[in-house]
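Below you'll find the structure, written out as structure tokens, and then a few comments.
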Amino acid sequence: MDFRFTDDQLLLATSVREYLAGTHGTQVLRRLDEQGNRDPAIWQGLVDMGLTGVLVPEALGGLGMGLVEAALIAVECGRACLAEPLVDTAFVAAPWLVREGRTDAIAGIVDGSRKIVPAHAINPWLADGEGARLQSVDPLRNLTTAPHDASEDPYLLDLGALMSAAQLVGIADAMLEQATDYAKLRSQFGQPIGAFQAIKHQLASCMVAIEFARPVVWRAAAALQAGGAHAATHVSHAKLAATDAAMLTAETAIQVHGAMGYTYEVDLHFWMKRAWALSGAWGSRAFHVRRLDEAVIGGTIPIGPEHTFA
Amino acid sequence: MDLAYSPKQQAFRAEVRAWLEAHVPKEPLVTLECREGYDQHVAWERTLAGGNWGMVTWPEQFGGRGLDLIEWLIFEEEYFRAGAPNRANQNGIFLLGPTIMEFGTDEQKARFLPPMARGEVIWAQAWSEPGAGSDMAAIQSKAVRDGDHYVISGQKTWSSRAAFADWGFGIFRTDPESKRHKGLTFILFDLNSPGITRRPIRQLHGDTGFAELFFDEVRVPVANCLAGEGQGWNVAMATAGFERGLMLRSPGRFQATAKRLVELYRQHADTASPAAREAVVQAWGAAQAYAYNTYGVAAKIMAGGSIGAEASLNKIFWSELDRAMHRTAMQLLGAAAELKRFADGSINQWLEGYVFSLSGPIYAGSNEVQRNITAERLLGLPRVGAG
Ligand SMILES: Cc1cc2nc3c(=O)[nH]c(=O)nc-3n(C[C@H](O)[C@H](O)[C@H](O)COP(=O)(O)OP(=O)(O)OC[C@H]3O[C@@H](n4cnc5c(N)ncnc54)[C@H](O)[C@@H]3O)c2cc1C
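Chain order of the listed sequences is A and B.
Residue numbering for the first sequence is 1 to 310, as defined by the numbering used here.
Residue numbering for the second sequence is 311 to 697, as defined by the numbering used here.
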């Protein structure tokens, strides 16, 4: 029993975080928003780091890592508000296709020539596709109508929901950081607004919500990786906890920014809109509450102190 | 990340479970907050000590089992699974014991720890004063040096268990010229010393949960001072860290409450609101989240790390979870929520639990103070003025 990451896992997360901080900062988000939101150079950078092959078995040319590593990276993608569909392609489509034995597309995923955003019946549209366009509030998502052959595979749904939860945690982290930085800089009544307890306490509450959503996401990643009987329950738990933490943090962050937060100019809106989008994607809050309800009140998962790791 | 218990850990769980099943009282004890209940709880402490289950995390030399934190968590999970009584010895196990181990002399360790482990001496903590609540540095009670004694005068309040306990510990102003955090000394005292008057205070539920302590020139040997004169604040902060950190409220307690809440919901499903139903589901989720977090922190500490201001996050989370779970239970009970005993004569434990849960966000550093700490130490927001 050891609920910790290995040094290698932490190193991986740090290197992705630093890479994205260096190459995918807010000026990049603004540029993408203004000049067309996909950039082959950004995609190629992710491919060159090996990120498209993280979940692909070594025999198929990938790194053969697991969902815990992928979730760690997905957190970083959320933190950077990554525009490119890395998570959908590499952490949702790739493991699903591998599991399905549909390995013909895998080489293309690994070498970066194919971006695949899988269609699942839970999603009424595709986050990034080639069909008729729909406009998302998130300027960095290219929604299209879903094809008719959308999958109903529960494993695909769980992958999508887990990876959304992981991104939501990273998004919440980023919004909390932005709001905290702003609270240190902005002065009113002769002091930084971050010295007002009304501001401090709201930000502290966000931190509580985030820090107690985070381990739920790790637990879900480990459960889905192991494929236990209750993996879907853990995934729904993670999606719910991460959604609630991200939505609370989004609303708090705009409040702390005052009117600045209500502008298009302050970058907070990119993260906030991604949070709205991912909160509803891969199963709405209600969907995941219901799945959790079926397990907890319906009695399919053993509960109580001795069942921490059921 | 390895989320499986080792065979040794599984065997340990089985051992704890078997012992508890054989020893936990079949009938719930009378509340700790009255003479009769207090005596029952002290008797339970001695039963635990008899099986060497009193201070499982303490080193063997002081009467413990030297368990690591994962084994401690397993022990606690089983403890709450079994519905075992509240711990009269709580202050000793998690607060004073570790403090003495860290700051005490060998003589003090030998003198105070084994009787604590055996459940022979029950301790009360005495920090708060009428003028020093959240602002503990405003302490005024004095300890004046007179040869090899201190002479203590002043007043402490809200001291849990002090109405019936044997000994107390707290910080006192030994330097009359000092202000705030300086000049304070950590002193252990016999609650039966001449000059101490205990005045029990009725709590919200009507029972005697804590007491005021009046000190009228109470003579305490200098040998009862921990870590030297003037070190009181540092020692007290370390003690508060143990309390708020990992050990004051182990996850099993809340997982057990969440489980009972699910069972309560099933009995009241016909009349419950959808919101209450979701609150029940969320209760399970939050109790689990608290457990995962604790396992993570435990692993970190076992690998040589420590828990600092993050302890404030824990305290906020568990205390507000506990209140939310009991509030939901009160809603589910509807009209029956107000009954102290149900029609079948059984105690309304949800009501008792709800009342107690209201104190969680106040004691062990109020949640407002914890949010200040979170904002200032973890988020780095500016400190202005006191607090
Ligand atoms: C059940 C129970 C058991 C207890 N047991 C013990 C015990 O065994 N030993 C012991 O010594 N004490 C004990 N206490 C006392 C406890 O430690 C204090 O109640 C606590 O420190 C708060 O102090 P106070 O009650 O004086 O409230 P105050 O400090 O007067 O606070 C009142 C309100 O003001 C808020 N407030 C205060 N300062 C700030 C600030 N800087 N920023 C924002 N808000 C602030 C508080 O959060 C609170 O909401 C116990 C209390 C309870 C309820």
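Ideal placement from N, C-alpha and C gives every residue a C-beta, glycine not left out.
The model shown is predicted, which means the values in this text are computed figures rather than measured ones.
Between which two residues does the alpha helix (DSSP H) holding residue i run?
i: Ala434 of chain B; result: Per DSSP, Ala434 of chain B belongs to no alpha helix (DSSP H); it is in the beta strand (DSSP E), 433-435.
i: Phe499 of chain B; result: Segment 494-500 is the beta strand (DSSP E) holding Phe499 of chain B; no alpha helix (DSSP H) there.
i: Lys200 of chain A; result: 197-226
i: Val110 of chain A; result: 106-111
i: Asp632 of chain B; result: 620-643
i: Pro95 of chain A; result: 94-100
i: Thr684 of chain B; result: Careful: Thr684 of chain B lies outside any alpha helix (DSSP H) and carries neither H nor E.
i: Phe666 of chain B; result: 659-667
i: Pro40 of chain A; result: 40-48
i: Thr23 of chain A; result: 7-23
i: Ala71 of chain A; result: 67-79
i: Glu152 of chain A; result: Careful: Glu152 of chain A lies outside any alpha helix (DSSP H) and carries neither H nor E.
i: Leu63 of chain A; result: That residue, Leu63 of chain A, is in no alpha helix (DSSP H); it is neither H nor E in DSSP.
i: Leu313 of chain B; result: Looking at the DSSP string, Leu313 of chain B is not in any alpha helix (DSSP H), and its letter there is neither H nor E.
i: Leu514 of chain B; result: Neither: Leu514 of chain B is in no alpha helix (DSSP H) and is coded neither H nor E.
i: Leu691 of chain B; result: Where Leu691 of chain B is concerned, there is no enclosing alpha helix (DSSP H), given that its DSSP letter is neither H nor E.
i: Glu34 of chain A; result: 26-35
For residue i, I'd like the list of residues in its chain whose CB is within less than 7 Å of its CB, leaving aside the five on either flank, ordered along the chain.
i: Ala392 of chain B; result: Leu330, Glu331, Val334
i: Cys77 of chain A; result: Leu86, Val87, Gln167, Gly170
i: Arg559 of chain B; result: Trp628
i: Phe322 of chain B; result: Glu381, Ile384
i: Ala242 of chain A; result: Ala165, Leu168, Val169, Ala213, Val217
i: Leu157 of chain A; result: His120, Ile122, Trp282, Gly283
For the beta strand (DSSP E) that contains residue i, what are its first and last residues?
i: Ser469 of chain B; result: 459-470
Enumerate in chain order the residues of its own chain whose CB-to-CB distance from residue i is below 8 Å, with the five nearest sequence positions on each side excluded.
i: Leu556 of chain B; result: Leu379, Thr604, Val607, Ala608, Ile611, Ile617, Ala621, Asn624
i: Leu631 of chain B; result: Phe564, Ala593, Ala596, Ala597, Tyr600
i: Pro440 of chain B; result: Gln465, Thr467
i: Thr103 of chain A; result: Leu60, Leu97
i: Ser205 of chain A; result: Leu248, Thr252
i: Asp33 of chain A; result: Pro139, Leu140, Phe270
Give me the DSSP bridge partner(s) of residue i.
i: Asn142 of chain A; result: A:Asp128
i: Arg508 of chain B; result: B:Leu523
i: Ser187 of chain A; result: A:Pro192
i: Pro486 of chain B; result: None; Pro486 of chain B has no bridge partner.
i: Lys452 of chain B; result: B:Ser463, B:Arg483
i: Trp477 of chain B; result: B:Trp433, B:Asp500
i: Arg529 of chain B; result: B:Val461
i: Ser136 of chain A; result: DSSP lists no partner for Ser136 of chain A.
i: Arg651 of chain B; result: B:Ile657
i: His120 of chain A; result: A:Ser151
i: Thr233 of chain A; result: DSSP output for Thr233 of chain A lists no bridge partner at all.
i: Asp2 of chain A; result: B:Asp312
Under the rule that 16 or more other beta-carbon atoms within 10 Å means buried, what is residue i, buried or exposed?
i: Gly697 of chain B; result: Its pLDDT being 41, under 50, Gly697 of chain B is placed unreliably in this model, and the value from its coordinates should be taken loosely. By the neighbour-count rule (16 or more Cβ atoms within 10 Å), Gly697 of chain B is not buried but exposed.
i: Arg141 of chain A; result: buried
i: Thr300 of chain A; result: exposed
i: Ala6 of chain A; result: First, the residue type needs correcting, since residue 6 of chain A is Thr and not Ala in the sequence shown. So Thr6 of chain A counts as exposed.
i: Asn677 of chain B; result: buried
i: Pro302 of chain A; result: exposed
i: Gln225 of chain A; result: buried
i: Arg214 of chain A; result: buried
i: Val220 of chain A; result: For clarity, residue 220 of chain A is Ala in the given sequence; the question names Val instead. Buried: at least 16 other Cβ atoms inside 10 Å.
i: Asn502 of chain B; result: exposed
i: Ser236 of chain A; result: buried
i: Gln435 of chain B; result: buried
Using a Cβ-Cβ cut-off of 6 Å (strictly less than) and excluding sequence neighbours within five positions of residue i, which residues of its own chain qualify?
i: Leu649 of chain B; result: Asn658
i: Thr318 of chain A; result: Residue 318 of chain A falls outside the range modelled here, since chain A spans only 1 to 310, and no answer is possible.
i: Gly64 of chain A; result: Pro57, Glu58
i: Gly505 of chain B; result: Asp526, Glu527, Val528
i: Thr174 of chain A; result: It is Ala, not Thr, that sits at residue 174 of chain A in the sequence shown. Closer than 6 Å at Cβ, skipping near neighbours: Arg79, Trp271.
i: Trp543 of chain B; result: His491, Leu494
i: Gln191 of chain A; result: none
i: Glu387 of chain B; result: Gly562
List the residues of chain E that residue i touches, going by C-beta distances under 7 Å, in chain order.
i: Asp580 of chain B; result: Of the chains in the structure shown, none is chain E; the protein chains are A and B.
*Of all the beta strand (DSSP E) runs that stay within the bounds of the stretch 248-303 of chain A, which reach a length of 3 or more residues?*
none
*Inside the stretch 324-367 of chain B only - alpha helix (DSSP H) runs reaching at least 4 residues*: Entirely contained in the stretch 324-367 of chain B, the alpha helix (DSSP H) runs reaching 4 residues are, in chain order, 345-360.
*Just list the alpha helix (DSSP H) runs in the stretch 389-448 of chain B, keeping only unbroken ones of 4 residues or longer that don't cross its boundaries, in chain order.*
407-413, 416-427
*asked:* List, from N- to C-terminal side, the alpha helix (DSSP H) runs of 4 residues or more that fit wholly inside the stretch 535-590 of chain B.
replied: Listed in chain order, the complete alpha helix (DSSP H) runs (minimum 4 residues) inside the stretch 535-590 of chain B are 542-552, 561-578.
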